[in-house]
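Remarks on the structure that follows.
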Amino acid sequence: MASAVLGSPVLMVAARVMLASFFLIAGIFGVFNFSSVVQEVMAVHLPAPRLLALAIIATQLVGSLLLISNVGGLAWLGAMLLAGFTLVCIPLGHPFWQFDEPKRTADMQIALEHVAVAAGLLIAAIANVR
């Protein structure tokens with residue numbers, strides 16, 4: 003019974019859509035609010051903020067669309083792009099070890115959520131190549 007439900011192609015597509023939805027929505031937001039993304043990059047003092055903002059938006063859109071569509075069997079690549087992006091965001095956007103309380107705990111919670119999302123994306127990548 004479980005294998006019939008969990009092996010459903012419809013369930014796999016639904017799961018990929020749910021997993022990618024945050025990144026897809028963020029990427030679409032970035033397209034229409036580019037200056038906001040540039041400001042976020044500038045806030046963490048990274049070089050070439052406009053170029054990095056473009057890279058962020060492209061990663062979010064391409065990664066999520068590959069994960070959802072599985073075009074060319076490349077859902078695994080989309081998942082890996084998004085997992086890498088999510089993990090890189092921890093030291094750049096949520097360096098909890100640099101903060102005092104209560105920001106330390108709040109950013110550590112966000113970092114742990116990022117780790118959990120990245121793990122889910124890695125599981126999706128693994129499931130796609132099996």
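Converting from the sequence shown to the working numbering requires adding 2 to each position, the first position being numbered 1.
We put the beta carbon where it would ideally sit given N, CA and C, even for glycine.
- For Val-73, there is no enclosing alpha helix (DSSP H), as DSSP marks it with neither H nor E.
- Boundaries of the alpha helix (DSSP H) around Leu-21: 11 to 34.
- In the three-state scheme derived from DSSP, where H, G and I count as helix and E and B as strand, Pro-93 is classed as helix.
- Here Gly-65 is actually not in contact with Leu-76; their C-beta atoms are around 10 Å apart, not less than 8 Å.
- Look at Ala-50 here: in three-state DSSP terms it is coil, with no helix or strand label.
- With contacts defined by Cβ atoms closer than 8 Å, Ala-81 and Leu-114 do not form a contacting pair.
- Put simply, the backbone Cα of Ala-85 is about 19 Å away from that of Gly-32.
- Note on Thr-88: 16 or more other CB atoms within 10 angstroms of its CB, so buried under the neighbour-count rule.
- Residue burial annotation: Trp-78 is buried, with at least 16 other C-beta atoms found within 10 angstroms of its C-beta.
- Per DSSP, the continuous alpha helix (DSSP H) segment holding Glu-115 begins and ends at 105 to 131.
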